[in-house]
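Accompanying notes for the structure given below.
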Amino acid sequence: MRGTRQVSRINIGTASIVLILIILCLSVFSLLSLSDARSSLSFAERRAQSVQAFYSADAQVQRWLSDIQGLSIQEAAARRESLPEDASVEASGEEGILTLTIPMSQGQSLLARYSVSEGRLISSRVYNSEDYAIDTRLPVWTGQSDEKADGTQAD
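Under the numbering used here, the first residue of the sequence shown is numbered 2, with each subsequent residue one higher.
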């Protein structure tokens, strides 16, 4: 009697399924990478716009400060040639401080405080000039059931 040897080998169907799964996984990962790259580009462009708006506003503050050197507080508050139209200047006469506000992008403004008596910039900072509103239109589950104690749905 002849002995038959069984040779274990992978069928062609199994190899095809494994190959299809590998290609599918690589396709999904490539699409996820593309999506991440697009969102990173969008964020980088918004950040670049914000940084450019800051340096533009800072340059306007520096030009204005060079224009008002040696002027009285009333003359300095009235000097607006180097400022944009939407900028505001407030004078505090008793302290001798001028406060300059220049709107930037995305609801932010640059606030610069200048001491006329000392002839120097006291502070310069960016702040949110518009109120931040949280979007509550999406129905987000809070972790509590919408059912009443008697089993009926809450209104």
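All C-beta atoms, glycine included, are put in the ideal place defined by N, C-alpha and C.
Using DSSP with H/G/I as helix, E/B as strand and the rest coil, what is residue i?
i, result
"residue 46", "helix"
"residue 93", "strand"
"residue 109", "strand"
"residue 83", "coil"
"residue 116", "strand"
"residue 51", "helix"
"residue 145", "coil"
"residue 88", "coil"
"residue 59", "helix"
Within a Cβ cutoff of 7 Å, which residues of the same chain sit near residue i, ignoring the five residues on either side of it in sequence?
i, result
"residue 129", "108, 109"
"residue 20", "none"
"residue 77", "69, 99, 117"
"residue 89", "102"
Where do the N-terminal and C-terminal ends of the alpha helix (DSSP H) with residue i fall, by residue?
i, result
"residue 76", "74-79"
Leaving out five residues on either side along the sequence, give the residues of the same chain with a beta carbon under 8 Å from the beta carbon of residue i.
i, result
"residue 60", "none"
Based on Cα-Cα distance, which residue from the options lies nearest to residue i?
i, options, result
"residue 93", "114, 26, 106", "114"
"residue 121", "135, 100, 111", "100"
"residue 85", "43, 54, 75", "54"
"residue 97", "39, 73, 17, 14", "73"
"residue 58", "81, 102, 82, 138", "102"
"residue 83", "71, 89, 75, 65", "65"
"residue 95", "136, 18, 67, 75", "75"
Taking the beta strand (DSSP E) that residue i falls in, what are its first and last residues?
i, result
"residue 121", "121-129"
"residue 138", "It is not in any beta strand (DSSP E) - residue 138 carries neither H nor E in the DSSP assignment."
"residue 69", "It is not in any beta strand (DSSP E) - residue 69 carries neither H nor E in the DSSP assignment."
"residue 100", "98-104"
Using beta-carbon positions only, say whether residue i and residue j come within less than 9 Å of one another.
i, j, result
"residue 50", "residue 125", "no"
"residue 104", "residue 132", "no"
"residue 111", "residue 141", "no"
"residue 69", "residue 117", "yes"
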